[in-house]
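Counting in UniProt numbering, the sequence shown runs from 1 upward without gaps.
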Amino acid sequence: MGASGSGKTSMRSLIFSNNPASLTARLGATIDVEQNHVRFLGDLILNLWDCGGQDAFMDSYLTTQRSTIFQHVGVLIYVFDVETSEMHKDLEYYRDCLDGLRQFSPDAAVFLLVHKMDLARERGATFERKKRELLGQSEKHADVTVFGTSIYDESLYRAWSSIVHTLIPNAAVLSKHLTIFADACSATEVILFERTTFLVIATSSPPSSASSSSSTPSPSPSPSTPSSSSSPEANAFQELEATRYERTSELIKAFKHSCSRVREEFHSLEMELPEFSAVLDEMTKNTYVLIIVHDPTIETAALKLNIRMARRKFE
Ligand code: GTP
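Have a look at this one:
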């Protein structure tokens with residue numbers, strides 16, 4: 001949900017239809033509700049409702065269509081244009097939507113996207129101000145998360161990975177299996193992506209800080225903790241960039257798009273650099289796995305073999 005022109009259909013076309021940001025300017029206004037069924041992971045189907053934001057439609061969602069729109073909602077994503085001159089009206093509609101949600105889907109999570117952040121001056125300060133304002137309007141709803149997003153950088157993937165993560169019922173189990181798999185590969189990190197969207201589904205836990213590897217992960221080390229007795233994997237983990245997941249999603253999506261332009265299909269990727277090696281390959285029908293290794297003695301062929309051996313377990 002969100003005002004007309006705030007960018008809802010654009011983000012949907014980027015994440016779920018693999019269209020580039022440059023084509024979004026051609027999108028017309030959404031008439032009423034456009035429903036999409038995205039087969040996400042095996043049997044998990046994401047039922048996405050893109051609700052056109054013109055006032056007449058919004059008024060109808062809140063009155064005659066109220067029970068249809070707000071029933072069985074897993075997640076409400078409300079998009080705010082950071083540059084809007086009609087914030088007052090936006091907030092009024094947003095509060096009315098929260099009322100609808102409270103009435104029909106009180107357990108739904110709420111994600112607020114302060115969108116088109118590429119247009120904002122002083123991004124950090126603007127985002128903090130908007131976030132405070134939005135949280136102030138959401139007081140009665142406990143589960144509200146705010147993200148700053150733009151279709152022109154990786155921030156959109158960060159927000160959507162987080163949204164989708166809340167909808168995956170067995171995310172914790174997946175993460176546990178990935179940790180065991182990472183340990184078996186002596187990997188610094190293992191990340192599972194959904195195949196079409198390349199959103200992050202789950203990641204392994206940070207490597208144990210003990211020098212010998214263990215299959216029971218220790219709690220996440222804080223990135224700033226000094227680590228004199230840490231394992232090499234744990235040390236390498238602490239050096240990793242915080243935005244690495246969403247940047248990978250964005251880069252691979254762009255690469256897949258380039259592949260499709262020359263009528264090639266993307267299958268897998270291998271990198272062997274002096275500092276680290278990485279393998280990105282199909283894990284299951286619906287997922288890709290990325291393994292990052294900082295141990296120079298480990299061959300990428302061994303990682304690929306491990307992926308092949310683990311496939312059945314993850315299918
Ligand atoms: P309705 O269908 O009327 O509800 O609008 P909508 O919210 O679906 O808006 P839409 O996705 O059609 O986007 C409107 C315009 O915003 C398009 O021209 C997009 O190119 C532009 N846009 C979307 N996202 C961004 C962004 O992150 N940054 C900038 N600068 N422009 C964006």
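From the three backbone atoms N, C-alpha and C, an ideal C-beta is built for every residue, glycine too.
Subject >> CA-to-CA distance, Ile291 to Glu241, given in whole angstroms >> reply: 15 Å
Original post:
CB Ala108 to CB Gly74, shorter than 8 Å?
Top reply: yes
Original post:
Which residue comes first and which comes last in the beta strand (DSSP E) that contains Tyr288?
Top reply: Thr287 to Val293
Original post:
Thr284 by DSSP, collapsed to three states: which one?
Top reply: strand
**OP:** Sort Ser205, Cys97 and Glu194 by Cα distance to Lys285 and report the nearest one.
**Re:** Glu194
Original post:
Do Lys8 and Asp50 have their CB atoms nearer than 8 Å?
Top reply: Contact flag set, yes.
**OP:** Under 8 Å Cβ to Cβ from Lys140, same chain only, skipping five residues before and after it: list those, please.
**Re:** Leu98 and Arg102
Subject >> Classification of residue 324 by the beta-carbon crowding that lies within 10 angstroms, buried from 16 upward >> reply: For residue 324 there is no data in the structure shown, the boundaries of the chain being 1 and 315.
Original post:
Where does Met271 sit, in a helix, a strand or coil, going by DSSP?
Top reply: strand
**OP:** Return the chain-ordered list of same chain residues with a C-beta closer than 7 Å to the C-beta of Glu272, the five sequence neighbours on each side being excluded.
**Re:** Thr300
**OP:** With DSSP as the reference, label Ala21 as helix, strand or coil.
**Re:** helix
Original post:
Does DSSP classify Arg12 as helix, strand or coil?
Top reply: helix
Original post:
Within 10 angstroms of its Cβ, does Pro206 collect 16 or more other Cβ (buried), or is it exposed?
Top reply: buried
Original post:
With a Cβ-Cβ cutoff of 8 Å, do Ala3 and Thr84 count as a contact?
Top reply: yes
Original post:
Under the three-state reduction of DSSP, which class applies to Gln65: helix, strand or coil?
Top reply: coil
Original post:
What are the boundary residues of the beta strand (DSSP E) that includes Gly28?
Top reply: Premise fails: Gly28 is in no beta strand (DSSP E) and is neither H nor E.
Original post:
Does DSSP put Val110 in a helix, a strand or coil?
Top reply: Val110 falls in the strand class under three-state DSSP.
**OP:** Check whether the region 136–155 touches the region 116–126, counting contact only when three or more Cβ pairs, one atom from each stretch, lie closer than 8 Å.
**Re:** yes
**OP:** Return helix, strand or coil for Tyr94, following the three-state DSSP convention.
**Re:** helix
Original post:
From Ala310, Ile77 and Asp281, pick the residue whose C-alpha is nearest to that of His177; which is it?
Top reply: Ala310
Subject >> Those runs of the beta strand (DSSP E) which lie wholly inside the region 137–180 and span at least 3 residues >> reply: 144–148
**OP:** Look at the alpha carbon of Thr225 and the alpha carbon of Pro232, and state the distance between them as a whole number of angstroms.
**Re:** Because Thr225 sits at a pLDDT of 41, beneath the cut-off of 50, its placement in the model cannot be relied upon, and the point is left open.
Original post:
CB of Ala202 to nearest heavy atom of the ligand GTP: below 7 Å?
Top reply: no
Original post:
Can you tell which of Ser22, Leu27 and Ser17 has its C-alpha closest to the C-alpha of Val38?
Top reply: Ser17
Original post:
With 16 other CB atoms within 10 Å as the buried threshold, where does Cys259 fall?
Top reply: exposed
Original post:
For the beta strand (DSSP E) that contains Gln119, what are its first and last residues?
Top reply: Going by the sequence as given, residue 119 is Leu instead of Gln. Leu119 -> no beta strand (DSSP E), and no H or E assigned at all.
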